Structure formats: C-alpha cells, structure tokens
Ligand SMILES: [Fe+2]
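Residue numbers (the working numbering): 2 to 182.
Set out below in structure tokens:
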C-alpha cells in the first residue's frame with residue numbers, strides 16, 4: 002500500500018502537500034484495482050507509475066507549463082498532463098501506455114488501453130474528493146467487475162460537469178464520449 006510519503010516522484014515535481022495526498026489516494030485505488038483484477042506485474046507497475054506521476058506538474062506555474070508544452074492556446078488546467086508526459090519522455094520513460102495515460106488524463110483519450118482508462122477513473126473516483134462521495138465510492142467498488150461500464154459512466158459524469166460549469170469540451174473529450182456512449 003502506497004502512501005503519499007513513499008511515492009517516488011520525479012525530481013522536477015511541483016506539487017503541494019494536499020496534491021501529494023491526492024496522488025497517494027489515486028495510487029492506492031489503482032493498486033487495489035490491480036490486485037482485484039490480478040494484473041501481471043508489468044501492467045500493475047504501469048498503473049502505479051501513471052498514478053504516481055500524473056499530477057507531478059499540477060502546481061507548476063503557467064510559464065513552465067506553456068514553455069514545456071509549447072502550447073499558448075489551451076486552457077492552463079489542461080497542460081499539466083502533456084507537460085509531465087514530455088518531461089518523463091525526456092527522462093527516458095519508454096512506456097507508451099504510461100505516457101499517454103498521463104498526457105491525456107485531464108481531457109481523456111479514445112485511444113487509451115486499460116492504463117489510461119484506469120488512471121482517468123482513479124483520478125475522479127478517489128475518496129478524498131468532496132462531491133458525490135457515496136456515488137463515487139459505489140463506482141470505485143464496481144471497477145474490477147465492470148471496468149468498461151464504470152469507465153463509460155465516469156466519462157459521462159465528467160462531460161456533464163464540464164458542460165454544467167459552462168466550460169468548453171476539448172475535442173479529445175468529445176471523441177472519447179462518442180467512442181464509449
Ligand atoms: Fe489527479
């Protein structure tokens with residue numbers, strides 16, 4: 002069982018202590034699912050590392066995120082995933098599933114295999130978030146038996162939230178929803 006203090010985070014990580022706790026809960030949930038699904042060591046490690054590193058630049062400043070990604074257009078909140086994936090690649094991380102999970106974890110991707118889908122669900126379903134706690138705990142418990150159905154429901158809930166908040170949907174999110182609905 003990981004906790005926030007035992008996580009191996011990249012040297013360039015910029016996260017608050019609250020964020021570190023969130024990361025620890027995401028990793029713990031991914032490890033729980035990996036055990037329940039009897040994943041082999043390679044895939045369990047991929048899930049773990051995707052969870053551990055996905056928010057490594059979540060608290061980095063706008064200049065760092067825009068310079069790292071070369072992206073001046075996207076909303077700032079969408080850049081920490083791509084920025085972390087770029088830095089990990091520069092550090093020599095070779096696993097495509099880990100990199101793509103992290104790169105797209107905020108907006109989603111229709112091209113994901115299980116690693117990206119698991120991270121996307123864990124990020125949303127981890128128990129520390131204060132909204133819809135009973136519904137999210139129920140969904141988290143269903144993941145081992147109904148991985149695809151829960152993923153679809155999480156995509157739906159995240160799309161609904163974005164629309165309700167009046168925010169724009171990323172094209173990747175629209176494509177993902179159309180691929181699972
Ligand atoms: Fe996260």
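Quick reminder that beta carbons are idealized off the backbone N, C-alpha and C, glycines included. Note that the structure is predicted; figures quoted are calculated from it, not measured.
When the five nearest sequence neighbours on each side are left out, the beta carbons in the same chain lying within less than 6 Å of the beta carbon of residue 180 are those of 111, in order along the chain. Below 8 Å, enough C-beta pairs join the segment 47 to 55 and the segment 91 to 100 to call them touching: three or more. Membership of residue 178 in the alpha helix (DSSP H) is indicated by the continuous run 172 to 181. For residue 116, the closest alpha carbon among the candidates 15, 7, 43, 14 is that of 43.
With contacts defined as CB atoms closer than 8 Å, residue 52 and residue 142 fail to qualify as a contacting pair. One alpha carbon belongs to residue 173, the other to residue 167, and they sit about 17 Å apart. In the displayed model, residue 163 falls within a helix according to three-state DSSP.
Taking all protein chains in view, the Cβ of residue 162 is surrounded by fewer than 16 other Cβ atoms within 10 Å, so the residue is classified as exposed. Here residue 61 has 15 as same chain residues with Cβ atoms under 6 Å from its own Cβ, once five neighbours each way along the sequence are excluded.
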